[in-house]
Structures are given as C-alpha cells and as structure tokens.
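Since the structure comes first, as structure tokens, the remarks are kept for the end.
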Amino acid sequence: MGYLRALANRMEELDYDPDTTWRPPIAAPVRTSAISPTEIQVPILYVIVVYAVMIFAIWNIPTVRNLINPLKLFTIGWHELCHIIMAVMTGGTILKVTIDPNVGGCTIVEGGHPASILSAGYIGSAVFGGIFIMAGFDTLVAKIMSFVIGIGLICPLVLVRDKLTLLLTVMYEGLLIGFWFIDHADALRWYCLFVGVMNVFYVVWDITDDKFFRKANDSDCTQFSLMYPKISAHVWAALWILFDVGVLIGFIFVGITSFKLTGDEMLYQAAQFLPT
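Residue numbers (our numbering): 103 to 378.
Okay, here's the thing in structure tokens:
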C-alpha cells in the first residue's frame, strides 16, 4: 500500500493524466560544430591523403607514369593556360606554348609582367584544384565539374599525337561517363577529388620532374630562382608547397561547412540535375 501511495503522489507531482497517451521524452537535438566533418565527409579527408601519396608515386614511376598521361595533360594544360591569361592581361605576347606529359609545359612570353605571369601558374592550379576538392563533398557539384573534366581531357590533344595518350584519353572519358551511372553518379565525387589533388599539388609534381627526370622544361620554382637569384629553387618550392597546403585546407573547410547534406539528401538533390 505504501508503494502504491508513493506512486500516486509521484503521478500528481508530474501532473499525470491517465487519459493522455504517454510519450517518451524527446531528446534535445544534438548540435554539431559547422566545421566538424559529418560521417560522410570524414572519409574524404583520408582519401585526399591517399590520393596525394598515390599520385606522387605514379607520377614518378617510369612506364607506370604514362598511365595518367591524359590527367597530366589536363593538369599541365590548365597550368599553362593560367600563364597565358596573365600574360595577355599584363600586355605580353605569347610566342610559344608546349604541353607534353614527358617534358612538361612551357609558355614563352614576350613583354608583360614576368613575376605575375610566373606566379599565375601555381596560383591558378591550386585554386582550380580546390574547386574540384569541393566537388568531392557534393554529388551535384561533381556532376557539374565532370563536364569541365570531359572538355579538359580533350583540349590538350590538339598539341599531342602520341597514340597511347589518345587511347588512354578515350578510356578516361569512358570512365568519366561510366561514373555517372554508378550509385546515381556519386562515384563522380571521387573522380573529381583525384583531379583536385593532382591540380592543387602541381608544384610537387613539377619539382619532382625536375629532380628525377631532368625534364627539358624547368619547373616554375627553377624559373623563380633565376628571376630572383638570392632565393634558391628549394626555398621557392617550400614556399609554394606551403601556399598549396593553405589553399587545400581552405577549400576543405569550405566543403565541410557548405555541404552538410546526408547521403540520401545529396543523392536526391543531385537527381534533379540530369538524373541517371
């Protein structure tokens, strides 16, 4: 009896109404920091590191490095295009442009502002790559950026006649199209992420080509050391790598804070644009 009386008293304290359906208390919503990656975003951070190591290895292994020729041409081509744009903007005249997966890229300019023209290459590559990094966080953005990749893989072929590179370009284009039909185009995020890492860290691949393969066209770091002899090419390389890391971190934060959709929400959003 004492237990029942205590229970009744407790119900009165809680203002319990037996005619009202009882519901469990609702937990307060969990608030996460805007800069905290979601469960979907965490793997992207690890994949970026894996891609960086993978590209460094493939770019520098003889014979194997030829397998990424189309993506190398795309990366080198954009880098040289940034030089060209800045040269034109500063009043320079383009004399010659070389885009080759083995000897690298080269843009010979007459006039213009040399420091700005030279800087534009690494800056443009880093920012361009950062945009592709963001595409790794959202399927809709990846779909849109896939058209840039598709066109960018073809454009450098104007200057290339190597049959292996032509064949590989067709394969990479086919892979890009195929990814549209894998998990409703979600696979495109990882394709874009790979391209993004390759462009962001172009300075690293440019320097290693200088060191290991003695390519005919010097890296921009070497050109900077010739322009400013008091600063060695190694110091320029370190400075530009720090710049690239800063750009990468910046775009990663933008990706984390801007794309907070769940997997289902992201696929639904992406399905509104050219559904597959």
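The beta-carbon is built from N, C-alpha and C at its ideal position, and this holds for glycine as well.
So which of the options has the shortest CA-CA distance to residue i?
i, options, result
"Val144", "Met368, Tyr370, Ile354 and Gly206", "Ile354"
"Leu197", "Glu212, Pro203 and Gly206", "Glu212"
"Tyr370", "Gly254, Trp292, Ala287 and Val272", "Ala287"
"Gln191", "Thr209, Thr378, Gly214 and Gly207", "Just to set this straight, residue 191 is Met in the shown sequence, not Gln. Comparing Cα positions, the closest option is Gly214."
"Phe345", "Gly194, Cys257, Tyr304 and Ala189", "Tyr304"
"Leu147", "Phe375, Val205, Ala335 and Trp292", "Trp292"
"Ile201", "Ala154, Val243 and Pro258", "Pro258"
"Asn204", "Ala289, Pro331, Ile170 and Val243", "Ile170"
"Leu268", "Val199, Leu175 and Ile343", "Leu175"
"Pro216", "Asp322, Ile256 and Phe375", "Asp322"
"Phe281", "Glu275, Leu290, Met273 and Tyr274", "Leu290"
"Cys208", "Tyr330, Thr324 and Ala339", "Thr324"
"Lys245", "Ile137, Ile284 and Ser327", "Ile284"
"Glu141", "Phe361, Phe375, Pro377 and Leu376", "Phe361"
"Ile150", "Thr165, Val302 and Ile137", "Val302"
"Leu376", "Leu363, Ile343, Phe249 and Leu328", "Phe249"
"Arg167", "Ile256, Leu363, Leu270 and Ala189", "Leu270"
"Ile137", "Asp312, Lys313, Gly276 and Ile351", "Ile351"
"Thr177", "Met188, Ile157, Gly194 and Thr195", "Ile157"
"Val297", "Gly276, Met247, Gly348 and Ile333", "Met247"
"Gly139", "Glu367, Asp312 and Leu363", "The amino acid at residue 139 is misidentified as Gly; the sequence shows Pro. Among Glu367, Asp312 and Leu363, the Cα nearest to that of Pro139 is on Leu363."
"Ala154", "Gly365, Val347 and Met368", "Val347"
"Val349", "His336, Ile233 and Met368", "Ile233"
What span of residues does the beta strand (DSSP E) with residue i cover, start to end?
i, result
"Asp320", "Counting along the chain, Asp320 falls outside any beta strand (DSSP E), and DSSP gives it neither H nor E."
"Glu141", "Premise fails: Glu141 is in no beta strand (DSSP E) and is neither H nor E."
"Gly207", "Gly206 to Glu212"
"Lys198", "Thr195 to Asp202"
Check the C-beta distance from residue i over to residue j and give it rounded, since I have them as a contact under 8 Å.
i, j, result
"Leu278", "Ile251", "6 Å"
"Val299", "Gly231", "7 Å"
"Gly206", "Asn319", "4 Å"
"Tyr274", "Leu173", "7 Å"
"Leu242", "Ala372", "4 Å"
"Trp338", "Ser327", "6 Å"
Looking at the unbroken alpha helix (DSSP H) that takes in residue i, where does it start and where does it end?
i, result
"Lys245", "Thr241 to Ile256"
"Phe355", "Ala335 to Ser360"
"Arg263", "Neither: Arg263 is in no alpha helix (DSSP H) and is coded neither H nor E."
"Thr177", "Asn171 to Met191"
"Ile233", "Pro216 to Ala237"
"Thr310", "Tyr304 to Thr310"
"Gln371", "Gly365 to Ala373"
Segment contact flag, the region 177-184 with the region 149-167, C-beta cutoff 8 Å, min 3 pairs: no
Segment contact flag, the region 251-268 with the region 220-232, C-beta cutoff 8 Å, min 3 pairs: no
Touching by the beta-carbon criterion (3+ pairs, under 8 Å), the region 292-309 and the region 224-236: yes
The region 234-245 touching the region 357-375, judged by at least three CB pairs closer than 8 Å: yes
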